[in-house]
Amino acid sequence: MINVKNVTKNFQSVQVLKGVSCTIKKGERVVILGPSGSGKSTLLRCMNLLETPNSGEIWIGDDLITSMDPALHPDLIDKKAGKSAVRRVAKAYEAEHKTDINLARRQMGMVFQHFNLFNNLTVLQNMTLAPIQLKLKTKEEAEKTAMELLERIDLLDKINVYPSTLSGGQKQRVAIVRALAMNPKVMLFDEPTSALDPEMVGEVLDLIKQLADEGMTMVIVTHEMGFAREVASRVLFMDGGKIMEQGTPEEVFDHPQCPRLQEFLSKVI
Amino acid sequence: MNFFEGVSTLFSSEKYMDLLIEGFKNTFIISMAATVFGLILGTIVALINLAPNSPLMWVPKAISKVYITVIRGTPMALQLFIMIFVVFAIRGFPPVVTAIIAFGINSGAYVAENIRAGILSVDIGQTEAGRALGLSNGTTMMKIVIPQAIKNVIPAIGNEVIALIKETSIVGMISITDLTQSAKIIGAGNNMASYLIPMSVAALFYLAIVYALTLVIKVIERRLRASDKR
Ligand SMILES: Nc1ncnc2c1ncn2[C@@H]1O[C@H](COP(=O)(O)OP(=O)(O)OP(=O)(O)O)[C@@H](O)[C@H]1O
Ligand SMILES: [Mg+2]
Chain X
492 MINVKNVTKN FQSVQVLKGV SCTIKKGERV VILGPSGSGK STLLRCMNLL ETPNSGEIWI
552 GDDLITSMDP ALHPDLIDKK AGKSAVRRVA KAYEAEHKTD INLARRQMGM VFQHFNLFNN
612 LTVLQNMTLA PIQLKLKTKE EAEKTAMELL ERIDLLDKIN VYPSTLSGGQ KQRVAIVRAL
672 AMNPKVMLFD EPTSALDPEM VGEVLDLIKQ LADEGMTMVI VTHEMGFARE VASRVLFMDG
732 GKIMEQGTPE EVFDHPQCPR LQEFLSKVI
Chain Y
50 MNFFEGVSTL FSSEKYMDLL IEGFKNTFII SMAATVFGLI LGTIVALINL APNSPLMWVP
110 KAISKVYITV IRGTPMALQL FIMIFVVFAI RGFPPVVTAI IAFGINSGAY VAENIRAGIL
170 SVDIGQTEAG RALGLSNGTT MMKIVIPQAI KNVIPAIGNE VIALIKETSI VGMISITDLT
230 QSAKIIGAGN NMASYLIPMS VAALFYLAIV YALTLVIKVI ERRLRASDKR
């Protein structure tokens, strides 16, 4: 589903991702843990190219979304070849495999820490804008889907209000169903409950759990350890721009191997 | 002759009234046309400045940077002179059109900066959410960012238009009879051996235009705010 190959990312002179590789398979629920600044958000945002990696490749299914990284294809490139030859090979390779990022993004729903509902649009318009603009649905179809989804999260009565009138938990639930309205194959969550008042965290986590139970593939960055343990099929632990350890929730939470993970868990639990 | 007698003499003299009305007309035409021109130009320049960096955009971006720097860094009167004596030094080219172009180009630089600031003031998360849904950069701009930016930009643009109207009072220097110039001519005339009265009347005209404009801007602002009712 998502294949991250040796990705690095620099912000100015700071390397935030130092060669990260991971694979997200269909139906998996991968939770990414790690201390603040370890690169969790950056990795997640690279997956739909909100950040462009400096090297490495990212594949969504059979589609390459980044540039080709010659270092990953020693078989295609003659070691002694000049720069222009490498560029030619890369161009041909990209012509064959690279996809339009806007097409790839349609398959990936993204949920942000700060909701990012469109302030100038009503709840209904928030949910129908992309399906209608991208001609995936007619206006009637898009509105029908939106109403069904709002019904599901019990916010049908808010259909025509603007986001500023909603509570934080309501905003985040609308943001989640806005992403679902695109029928994504995978959902990316970046700390979906970190900006919420404690009493609203539950309603958002419950919705995410429901999606998990329905078999949605997802990648979740979160600091909610109980939720992580409950929902994850696999946990990645990141530190200093690298994936330091991964495994089932039992392995990671009950038998952590690397010292940094042990230290991290002792602090947060 | 006291002040009020003077005012009534001025208003009852057909010659003077014709002059004043011609002046008002020119001031109005130059300001409004330059405003429209400046808005269009400013919007284009702002969008060029904010477009993602690419080899294709390099030259337009450089041009728009130089344009903004030069226009904001030199006096309006000088720009007007360069237009009339250098760029449009063509016999029979109407000076009013020259003035419209000069003021439009000047206003465009300020409008561009206002629009750029307005667009940047919209939370980057709005753009990211649009792009993450698969919308193109252009659609995200048109449907999400610009509608929110307009609200932030209207007050600044209003101020810019008001400043523009008052700045047009220098067009007398290129022999256009605008409101200020007509007041000067009347004041220099035989029967009105005083500048006080025509200048005061001209001031009232300016005040009236600016006040009317202020009201229009207020209405627009209120309308826009109603659309995101809380
Ligand atoms: N746009 C940016 N420009 C410069 N530096 C950035 C940018 N985004 C992130 N960083 C830096 O990269 C590092 C990793 O950031 P990232 O947001 O990926 O961490 P994180 O693991 O998500 O942390 P948190 O738990 O605090 O959200 C941080 O040191 C951050 O300051
Ligand atoms: Mg983060």
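As given, the protein sequences belong to chains X and Y, one line each in that order. Numbers given in my numbering equal positions in the first sequence, counted from 1, plus 491. Numbers given in my numbering equal positions in the second sequence, counted from 1, plus 49. In this text, a Cβ means the ideal position worked out from N, Cα and C, and glycines have one as well.
Of the residues the options, the one placed nearest residue i, counting alpha carbons only
i: threonine 543 (chain X); options: X:Ser655, X:Met673, X:Phe502, X:Ile623; result: X:Phe502
i: methionine 735 (chain X); options: X:Gly573, X:Arg751, X:Arg720, X:Phe744; result: X:Arg751
i: phenylalanine 718 (chain X); options: X:Ser575, X:Val522, X:Leu625, X:Met678; result: X:Val522
i: aspartate 645 (chain X); options: X:Lys662, X:Lys517, X:Thr629; result: X:Lys662
i: phenylalanine 77 (chain Y); options: Y:Arg274, Y:Ser249, Y:Leu245, Y:Thr229; result: Y:Thr229
i: alanine 205 (chain Y); options: Y:Ile266, Y:Met191, Y:Asp67; result: Y:Ile266
i: leucine 671 (chain X); options: X:Glu690, X:Ile699, X:Glu682, X:Val692; result: X:Ile699
i: asparagine 545 (chain X); options: X:Ile650, X:Val695, X:Asn497, X:Glu754; result: X:Asn497
i: asparagine 611 (chain X); options: Y:Lys110, Y:Met190, Y:Gly87; result: Y:Met190
i: glutamate 63 (chain Y); options: Y:Val136, Y:Ile235, Y:Lys192, Y:Met125; result: Y:Ile235
i: glutamate 682 (chain X); options: X:Leu534, X:Gly552, X:Val495; result: X:Leu534
i: phenylalanine 152 (chain Y); options: Y:Ala126, Y:Pro196, Y:Ser170; result: Y:Ala126
i: asparagine 494 (chain X); options: X:Lys531, X:Thr636, X:Thr557; result: X:Thr557
i: serine 527 (chain X); options: X:Lys516, X:Glu585, X:Val507; result: X:Val507
i: glutamate 54 (chain Y); options: Y:Ile269, Y:Ile258, Y:Val220, Y:Ser243; result: Y:Ser243
i: proline 196 (chain Y); options: Y:Ser170, Y:Val220, Y:Ser218; result: Y:Ser170
i: leucine 88 (chain Y); options: Y:Val250, Y:Ile225, Y:Ile149, Y:Ile223; result: Y:Ile149
i: isoleucine 225 (chain Y); options: Y:Phe130, Y:Arg165, Y:Ala257; result: Y:Phe130
i: tyrosine 255 (chain Y); options: Y:Asp227, Y:Leu245, Y:Ile269, Y:Ile223; result: Y:Asp227
i: alanine 100 (chain Y); options: Y:Met222, Y:Ile139, Y:Gly187; result: Y:Gly187
i: isoleucine 269 (chain Y); options: Y:Gly91, Y:Gly221, Y:Trp107, Y:Lys200; result: Y:Lys200
i: aspartate 648 (chain X); options: X:Val614, X:Glu632, X:Pro675, X:Lys635; result: X:Val614
Exposure of residue i, with buried meaning 16 or more beta-carbon neighbours within 10 Å
i: arginine 279 (chain Y); result: At arginine 279 (chain Y), the pLDDT of 48 sits below 50, so the modelled position is not reliable; the number obtained from the coordinates is stated separately. Per the 10 Å Cβ criterion, exposed.
i: tyrosine 653 (chain X); result: buried
i: threonine 263 (chain Y); result: exposed
i: threonine 467 (chain X); result: The first residue shown for chain X is 492 and the last is 760, placing residue 467 (chain X) beyond what the model contains.
i: serine 575 (chain X); result: exposed
i: valine 511 (chain X); result: buried
i: valine 85 (chain Y); result: exposed
i: lysine 758 (chain X); result: exposed
i: glycine 157 (chain Y); result: buried
i: tyrosine 159 (chain Y); result: buried
i: aspartate 172 (chain Y); result: exposed
i: valine 194 (chain Y); result: buried
i: phenylalanine 134 (chain Y); result: exposed
i: threonine 629 (chain X); result: exposed
i: serine 529 (chain X); result: buried
i: glutamate 741 (chain X); result: exposed
i: glycine 525 (chain X); result: buried
i: leucine 693 (chain X); result: Here residue 693 (chain X) turns out to be glycine, not leucine, going by the sequence shown. So glycine 693 (chain X) counts as exposed.
i: aspartate 745 (chain X); result: exposed
i: isoleucine 119 (chain Y); result: Note on identity: in this sequence residue 119 (chain Y) is valine, with isoleucine being the wrong assignment. By the 10 Å Cβ count, valine 119 (chain Y) comes out exposed.
i: methionine 66 (chain Y); result: exposed
i: asparagine 651 (chain X); result: exposed
i: aspartate 553 (chain X); result: exposed
i: aspartate 704 (chain X); result: exposed
i: serine 532 (chain X); result: buried
For residue j and residue i, believed in contact at Cβ under 8 Å, the rounded distance
i: leucine 213 (chain Y); j: alanine 83 (chain Y); result: 6 Å
i: glutamate 548 (chain X); j: leucine 541 (chain X); result: Contact flag wrong, Cβ pair sits at about 17 Å.
i: methionine 709 (chain X); j: phenylalanine 680 (chain X); result: 7 Å
i: alanine 261 (chain Y); j: proline 247 (chain Y); result: Rounded, the Cβ-Cβ distance is 21 Å, inconsistent with contact.
i: methionine 673 (chain X); j: methionine 707 (chain X); result: With a Cβ gap of about 13 Å, methionine 673 (chain X) and methionine 707 (chain X) do not count as contacting.
i: methionine 599 (chain X); j: asparagine 539 (chain X); result: 5 Å
i: alanine 666 (chain X); j: phenylalanine 606 (chain X); result: 5 Å
i: glutamate 162 (chain Y); j: isoleucine 112 (chain Y); result: Incorrect: roughly 15 Å between the Cβ atoms, too far for contact.
i: leucine 687 (chain X); j: valine 695 (chain X); result: 7 Å
i: leucine 273 (chain Y); j: isoleucine 203 (chain Y); result: 7 Å
i: asparagine 155 (chain Y); j: glutamine 128 (chain Y); result: 6 Å
i: methionine 618 (chain X); j: arginine 669 (chain X); result: 5 Å
Could you tell me whether the region 728-743 of chain X touches the region 192-209 of chain Y, where touching means 3 or more Cβ pairs closer than 8 Å?
-> With a cut-off of 8 Å, the region 192-209 of chain Y and the region 728-743 of chain X do not count as touching, because too few Cβ pairs lie within range.
Whole runs of the beta strand (DSSP E) within the region 585-632 of chain X, excluding any shorter than 3 residues | Runs of the beta strand (DSSP E) inside the region 585-632 of chain X: 599-602.
At least three beta-carbon pairs within less than 8 Å, the region 60-71 of chain Y to the region 142-149 of chain Y | When Cβ pairs closer than 8 Å are counted between the two stretches, the region 60-71 of chain Y is seen not to touch the region 142-149 of chain Y, the count staying below three.
Do the region 622-637 of chain X and the region 571-589 of chain X make contact, defined as three or more Cβ pairs closer than 8 Å?
-> The region 622-637 of chain X vs the region 571-589 of chain X: no contact.
Would you say the region 582-594 of chain X touches the region 168-185 of chain Y, given that touching needs at least three Cβ pairs under 8 Å?
-> Counting Cβ pairs under 8 Å, three or more are found: they touch.
Only counting runs of 4 or more residues, tell me where the alpha helix (DSSP H) segments fall wholly within the region 181-227 of chain Y, in order along the chain.
-> As far as the region 181-227 of chain Y is concerned, its whole alpha helix (DSSP H) runs of at least 4 residues are 186-189, 195-216.
Which runs of the alpha helix (DSSP H) spanning at least 4 residues fall entirely within the region 628-697 of chain X, listed in chain order?
-> Uninterrupted alpha helix (DSSP H) stretches at least 4 residues long and entirely within the region 628-697 of chain X occur at 630-643, 659-671, given in chain order.
Which runs of the beta strand (DSSP E) fall wholly inside the region 508-543 of chain X and span at least 3 residues, in chain order?
-> Runs of the beta strand (DSSP E) inside the region 508-543 of chain X: 520-524.
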